[in-house]
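Chains as they are written, first to last, in this note's numbering: chain A, 109 to 535; chain B, 625 to 648.
The beta carbon of each residue, even a glycine, is placed where N, CA and C say it ideally should be.
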Amino acid sequence: DVAKAIVDLAVCGKAQNRSYERLALLVDTVGPRLTGSPNLEKAIQIMYQNLMDDGLKNVHLEPVKVPHWERGQESAVMLEPRNHSMAILGLGSSVGTPPEGITAEVLVVSSFDELHRRASEARGKIVVYNQPYKGYGESVQYRVQGAVEAAKVGAVASLIKSVASFSIYSPHTGIQYYQDGVPQIPTACITVEDAEMMARMASRGTKIVIQLKMEAKNYPDTESFNTVAEITGSKYPEQVVLVSGHLDSWDVGQGALDDGSGAFVSWEALSLIKDLGLRPKRTLRLVLWTAEEQGGIGSLQYYQQHKVNISNFSLVMESDLGNFMPTGLAFTGSDKARAIMKEVMNLLQPINTTQVFGDGEGVDINYWIQAGVPGASLLDDLKRYFSFHHSQGDTMTALDPMQMNYSAAVWAVVSYVIADLDEMLPR
Amino acid sequence: RAVCKDVCHLKTFEQIKEEIAGYQ
């Protein structure tokens, strides 16, 4: 009755709402946890102590060199055709503007293709991207590469429609990357509402002028840590099921949903298993990554340092797509492994979360998956997730304690059963 | 140590299915 015991404890037993309450205490105390910030390092120290107090084994920190970027004050004011103060969020790694700001006419485009067609109009202007939302993976390319593409055609700054599935005038931040040999121009996200308004204005032939001010600054790399804790395997302790989420966040809201809840549901999975006195045959290893938002910096280093043991990794799991009511598991692995995962998910019939989808992935586990280790991610209402993450709305209010209970139940059952099977998942 | 790596799968799928059902 292991699966039933885990679900009962998580959903209606004494562990009910525990992951939500633990997370609320952390994020209400330290706030958002931008890589390179004192907030993140304080959160890591608190988590280290939390995991020790929880009685988990082999609790330790693994140091990582991480980028250090700070936002500073920022503003964007439309000067023509009318005065309008715009909500913006500068993008991670963006350079700032001169103190007096950049004042320039706007060129609105809806795609990179349109930008390239109208390249001759872009010189000296602020490029505004009004790309349609075609799902996160496709639309996020505008945030990541928007500044580089605009700079290539002579723009002085870029303002990008937030990559958001829904908006109530809420800009979303995120990482962007410069390219060697291309001028580094300031870049920020604007709201869906302002991007669409400027597109309408431009289509009418109206001249738009914006003054952009950003104090953003990049500092030398600093030190952070991946946080690790385990339930040591009883029979094959060297073999591992890795359960994870990332502890860093952007510097907006509370980083509650991205990825505080994923990290805390992962911790909760080990807590539930330990509370029930269970000890799987293989080691259950919790890793709370650092610097995921900067492109999986902590997890890349972890992979490089631990890949020598890759044959001992049975399954890598990451929860970084929200912890609303789970709809199932996204899984990448062989047909044989998938068939086994489907059987494991059948154990979750009592909470009606039995589906195994394709494309299990996560920034922090992709290195392992690409190297052939089976990988799983927790799936839920992604539209809701992409409405909140990277925005000021990423707070505890966006989360629901009961939904986190169900997420934790799924995570604990899957991780425990796979870690306890007689054999590792087939590759 | 009796380590079952990915090169050494001894159980049939039916046996694994029965094993998993034991966790219900």
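Query	Result
Rounded C-alpha distance that separates His414 (chain A) from Ala310 (chain A)	53 Å
Residues of its chain near Gly406 (chain A), where Cβ-Cβ distance is below 6 Å and the 5 sequence neighbours each way are ignored	Val172, Asn334, Trp397, Thr398 and Ala399
Where Pro534 (chain A) sits in the DSSP three-state scheme	coil
Candidates A:Leu507, A:His497, A:Gly501 and A:Ile418, of which the one nearest Leu533 (chain A) by Cα	A:Ile418
Three CB pairs or more closer than 8 Å across the stretch 152-172 of chain A and the stretch 281-299 of chain A	no
Per-residue contacts from Glu638 (chain B) into chain A (C-beta, under 8 Å)	What Glu638 (chain B) touches in chain A: nothing, since even the nearest Cβ is about 10 Å away.
Short-range partners of chain B found in the stretch 442-462 of chain A, where Cβ spacing is below 8 Å	Lys444, Ala447, Ile448, Glu451, Val452, Asn454 and Leu455
Simplified DSSP assignment, three categories, for Ile154 (chain A)	helix
Rounded separation between Ile154 (chain A) and Gln402 (chain A) - CA only	22 Å
Within-8 Å CB hit, Val416 (chain A) to chain B	no
Terminal residues of the beta strand (DSSP E) in which His192 (chain A) lies	His192 to Met194
Interface flag, Glu531 (chain A) vs chain B, CB-CB below 8 Å	yes
Start and end residues, alpha helix (DSSP H) containing Val252 (chain A)	Tyr244 to Lys260
Contact under 8 Å by Cβ, Gly363 (chain A) with Asp502 (chain A)	yes
Backbone CA spacing between Ser107 (chain A) and Gln457 (chain A) [nearest angstrom]	In the structure as shown, chain A begins at 109 and stops at 535. Residue 107 (chain A) is therefore absent and cannot be evaluated.
Short CB-CB distance (under 8 Å) between Cys628 (chain B) and chain A	With a pLDDT of 44 at Cys628 (chain B), under the threshold of 50, the modelled position of this residue cannot be trusted; read the value that follows with caution. So yes, Cys628 (chain B) belongs to the interface.
Status (buried if at least 16 other CB within 10 Å, exposed otherwise) for Cys120 (chain A)	exposed
Nearest candidate by alpha-carbon position, reference Leu486 (chain A), set A:Val185, A:Ile473 and A:Pro189	A:Ile473
Rounded distance between the beta-carbons of Gly204 (chain A) and Glu304 (chain A), thought under 8 Å	So it is not a contact: roughly 27 Å between Cβ atoms.
Backbone CA spacing between Gly353 (chain A) and Met306 (chain A) [nearest angstrom]	38 Å
C-beta atoms of Leu142 (chain A) and Trp358 (chain A) nearer than 8 Å	yes
Touch test, the stretch 514-533 of chain A against the stretch 375-382 of chain A, Cβ-Cβ under 8 Å, three pairs minimum	yes
Integer-rounded CB distance, given that Lys321 (chain A) should sit under 8 Å from Glu83 (chain A)	Only positions 109 to 535 of chain A appear in this structure, which leaves residue 83 (chain A) out of reach.
Within-8 Å CB hit, Asp109 (chain A) to chain B	yes
In chain order, each beta strand (DSSP E) run of at least 3 residues that lies wholly inside the stretch 171-227 of chain A	182-188, 192-194, 196-198 and 210-217
Neighbour-count burial assignment, Pro207 (chain A), 16 or more Cβ in a 10 Å radius	exposed
Residues near Tyr156 (chain A) by beta carbon distance below 7 Å, same chain, minus five either side	Val167, Leu169 and Thr335
Buried versus exposed call for Ile276 (chain A) [16 or more other C-beta atoms within 10 Å across all chains shown]	exposed
C-beta neighbour in chain E for Lys165 (chain A), strict 8 Å	The chain inventory of the structure shown lacks chain E, comprising the protein chains A and B.
C-beta contact flag for Phe274 (chain A) and Ser499 (chain A) at 8 Å	no
Beta-carbon gap between Ile644 (chain B) and Leu455 (chain A) smaller than 8 Å	yes
Minimum Cβ-Cβ distance from Lys112 (chain A) to chain B less than 8 Å	yes
Neighbour flag for Val525 (chain A) against chain B, beta carbons, 8 Å	yes
Rounded separation between Glu331 (chain A) and Val348 (chain A) - CA only	27 Å
Straight-line Cα distance separating Met433 (chain A) from Met504 (chain A)	15 Å
Stretch pair the stretch 477-493 of chain A + the stretch 436-450 of chain A: three plus CB contacts closer than 8 Å	yes
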